[in-house]
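In this note's numbering, the protein residues as written are 2 to 92. The C-beta atom is built at its ideal place from N, Cα and C for all residues, glycine as well. Comments concern the structure below.
Written out as structure tokens, the structure is:
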């Protein structure tokens, strides 16, 4: 098992140490019951990042624009920012 895995009984002993552990090593902690994962404890910044990603992915209009942007890049319909700035005389 990964080193950041604790059983239910172990996590009871470790829970107050997790904030300091996250400062040193901001990785998700897996909590197991009878050897099977039952929950994850993660640093707040990671939680916020996941929630923001889910919000973006749940926005159909934003995702359509993102997919169109990727398609434009793949099909060569974009220019590097430096080129655009030069064309505009801003560089």
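DSSP puts residue 34 in a beta bridge; with which residues?
37
Counting along the chain, where does the alpha helix (DSSP H) carrying residue 54 start and finish?
45-58
Best match in 62, 91, 59 and 44 for proximity to residue 21 [C-alpha to C-alpha]:
44
In whole angstroms, what separates the C-alpha of residue 49 from that of residue 29?
13 angstroms
Does the Cβ-Cβ distance between residue 42 and residue 63 come in under 8 angstroms?
no
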